[in-house]
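The next block holds one structure in the form of structure tokens; read it before the comments.
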Amino acid sequence: MTPSVGRILAVEDSAVIRMALARALQVRGHQVTTANDGIEAMEALRNGAFDVVLLDIEMPRKDGFETLAEIKADDRLRELPVIVISGVEDTASVARCIEMGALDHLQKPFEPAVLDARLGAALSAKRLRDLELEYLEQVRKVTNAAERLEHDDFDKAALDEVSAREDALGVLARTFVRMAEEVRAREDALRRQVRELTIEIDEARQHRKVAEITDSDYFRALRGRAAELRQDAHGAAAPDAGPEERLKDQGPDPAPVDE
Amino acid sequence: MVERPVPEVLDQAALNELMAMVGDDAEFMDELVDTYLNETPDLLAQIRSALGNGSATEVVRPAHTLKGSSASIGAREVEGLSRTIEEAARADAAEVLTLADDLEDAYGRLVEALARARMRRWSGA
Numbered sequence: 009m010t011p012s013v014g015r016i017l018a019v020e021d022s023a024v025i026r027m028a029l030a031r032a033l034q035v036r037g038h039q040v041t042t043a044n045d046g047i048e049a050m051e052a053l054r055n056g057a058f059d060v061v062l063l064d065i066e067m068p069r070k071d072g073f074e075t076l077a078e079i080k081a082d083d084r085l086r087e088l089p090v091i092v093i094s095g096v097e098d099t100a101s102v103a104r105c106i107e108m109g110a111l112d113h114l115q116k117p118f119e120p121a122v123l124d125a126r127l128g129a130a131l132s133a134k135r136l137r138d139l140e141l142e143y144l145e146q147v148r149k150v151t152n153a154a155e156r157l158e159h160d161d162f163d164k165a166a167l168d169e170v171s172a173r174e175d176a177l178g179v180l181a182r183t184f185v186r187m188a189e190e191v192r193a194r195e196d197a198l199r200r201q202v203r204e205l206t207i208e209i210d211e212a213r214q215h216r217k218v219a220e221i222t223d224s225d226y227f228r229a230l231r232g233r234a235a236e237l238r239q240d241a242h243g244a245a246a247p248d249a250g251p252e253e254r255l256k257d258q259g260p261d262p263a264p265v266d267e
Numbered sequence: 020m021v022e023r024p025v026p027e028v029l030d031q032a033a034l035n036e037l038m039a040m041v042g043d044d045a046e047f048m049d050e051l052v053d054t055y056l057n058e059t060p061d062l063l064a065q066i067r068s069a070l071g072n073g074s075a076t077e078v079v080r081p082a083h084t085l086k087g088s089s090a091s092i093g094a095r096e097v098e099g100l101s102r103t104i105e106e107a108a109r110a111d112a113a114e115v116l117t118l119a120d121d122l123e124d125a126y127g128r129l130v131e132a133l134a135r136a137r138m139r140r141w142s143g144a
């Protein structure tokens, strides 16, 4: 079986072993970066993306134990599979590294078949973990969308990527978006109805108030009094014109006389 | 003193395996062995100097590196002596002092064996 290929960081202080390992990995189609010790390895890890780290244990400046501990303490790097490389007699060191979180170990000098098998398994583990993390991230997007829907702040575009999936999560996201849109449409319709009802209620309230006033004895008395006043006013104006009508009968003022 | 079996200077089977692993590229093997030949005298000097200072702990790292690089090219005799020196140094054993000469002699034999292998373009035939 041809092993899958990946981005490998090979950390080894011996120039000869580093060269041979890098070439062996390149021949197998991997993309290889090398580091002479743990310090260079951490620098490479913080500046690049890798699928697997092949890590020597005995190294100057920063050894494999310190490097592994630093990788496992870093949130961004802790999921990265680390295969420690060791001599035949380094069993205790290998066991310690496995306890510290290394995925596997490779013995020097490298057996090509074992190198392929362990690297293939590490790459598969990495891909599976990447898929798992991506899945969890997309589940988080759906739960976030539900939360935002509750706060009336749902943006359909936030689920575009999840909705494009062909698996059950994609079905869930598409169903969620459809239902969210239905809920939103229903809410809009309800809001419109409430607005219309409010207007009707306000109008009815005003009518009732007017009726209350016009139906009162006091209003009726006032209306009667007003009618009487109008009648009186008409009666007085008919035999003897009012002051305005009398003024109109006198015609315009005479022109002023110069002295 | 315990007699140790003398390992072969250069293991042709290991060399063949290494060739296959690096894509049967004889020119790359030239470069790789040149790197080994450039790196090793410095490691031997570090071992000699640490032993001269009576500092067994400082012998460990160069002996360890030499053991690994020698194993990768099939240099069995140098690999074996480096391993013995590393283990003796870790145990702070007096034996380590007597092995530096043996290691340098073995390295001399290895240089000759590598020259012959290069002439054969690294194949056993």
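Line by line, the protein sequences are chains A and B. Numbers 9 to 267, taken from my numbering, label the letters of the first sequence in order. Numbers 20 to 144, taken from my numbering, label the letters of the second sequence in order. Where a beta carbon is used, it is the ideal one built from N, C-alpha and C, also for glycine.
At the C-beta level, residue 84 of chain B and residue 62 of chain B come within 8 angstroms of one another.
In the DSSP assignment, residue 17 of chain A forms a beta bridge with A:41 and A:61.
With 16 or more neighbouring CB atoms inside 10 Å of its own CB, residue 48 of chain B falls in the buried class. Here the alpha carbons of residue 212 of chain A and residue 236 of chain A stand approximately 33 angstroms from one another.
Residues of chain A whose Cβ lies closer than 7 angstroms to the Cβ of residue 84 of chain B are, in chain order, 21 and 22. Beta-bridge partners of residue 113 of chain A (DSSP): A:92. Using a CB distance cut-off of 8 angstroms, residue 40 of chain B counts as an interface residue toward chain A. The three-state reading of DSSP puts residue 118 of chain A in coil, since its state is none of H, G, I, E or B.
For residue 168 of chain A, the closest of A:54, A:185 and A:112 by C-alpha to C-alpha distance is A:185. Out of A:94, A:230, A:145 and A:108, the CA that lies nearest to the CA of residue 117 of chain A is found in A:94. For the C-beta of residue 25 of chain A, the chain B residues within less than 8 angstroms are, from N- to C-terminus, 87, 88 and 91. Contact check for residue 33 of chain A against residue 114 of chain A fails: the beta carbons are separated by 8 angstroms or more. In this structure the region 157-168 of chain A touches the region 184-203 of chain A; the number of beta carbon pairs closer than 8 angstroms is three or more. In this structure, the beta-carbon distance from residue 126 of chain A to residue 91 of chain A falls below 8 angstroms. The region 70-83 of chain B makes no contact with the region 30-39 of chain B; the number of CB pairs closer than 8 angstroms stays below 3. Ranking B:70, B:53 and B:128 by CA distance to the CA of residue 105 of chain B puts B:70 first. Following the DSSP letters along the chain, one finds residue 162 of chain A in no alpha helix (DSSP H), marked with neither H nor E. By the C-beta criterion, the region 67-77 of chain A is judged not to be in contact with the region 137-147 of chain A, since fewer than 3 inter-stretch pairs fall below 8 angstroms.
From the beta-carbon of residue 37 of chain B, the residues of chain A found nearer than 7 angstroms are 28. When DSSP states are grouped into helix, strand and coil, residue 115 of chain B belongs to the helix group. In the structure shown, residue 81 of chain B adopts helical secondary structure according to DSSP, grouped into three states.
Non-local C-beta neighbours of residue 17 of chain A in its own chain, meaning closer than 6 angstroms and more than five positions away in sequence, comprise 41, 52, 58 and 61, ordered along the chain.
Listed along chain A are 66 and 68, each with a C-beta nearer than 8 angstroms to that of residue 80 of chain B. Relative to residue 96 of chain B, the option among B:68, B:125 and B:87 whose CA is nearest is B:125. If you check the CB distance, residue 119 of chain B and residue 66 of chain B come in under 8 angstroms.
Between residue 89 of chain B and residue 37 of chain B the beta-carbon gap is near 12 angstroms, outside 8 angstroms, which marks them as no contact. A Cβ-Cβ separation of about 6 angstroms places residue 24 of chain A in contact with residue 58 of chain B under the 8 angstroms criterion. The alpha-carbon separation between residue 195 of chain A and residue 160 of chain A amounts to approximately 10 angstroms. Interface criterion met: the Cβ of residue 31 of chain A is under 8 angstroms from a Cβ in chain B. In terms of Cβ geometry, residue 112 of chain A and residue 36 of chain A do not form a close pair [threshold 8 angstroms]. Between residue 54 of chain B and residue 50 of chain A, the CB-CB gap reaches or exceeds 8 angstroms. Within the region 113-124 of chain A, the residues whose Cβ lies closer than 9 angstroms to any Cβ of chain B are, in chain order, 116, 117, 118, 119, 120 and 123. From the beta-carbon of residue 117 of chain B, no residue of chain A is found nearer than 9 angstroms; the closest lies around 21 angstroms away. Excluding its 5 nearest sequence neighbours in each direction, residue 29 of chain A has C-beta neighbours in its own chain below 6 angstroms: 18, listed in chain order.
Residue burial annotation: residue 215 of chain A is exposed, with fewer than 16 other C-beta atoms found within 10 angstroms of its C-beta. At a cut-off of 8 angstroms, the C-beta of residue 35 of chain A has a neighbouring C-beta in chain B.
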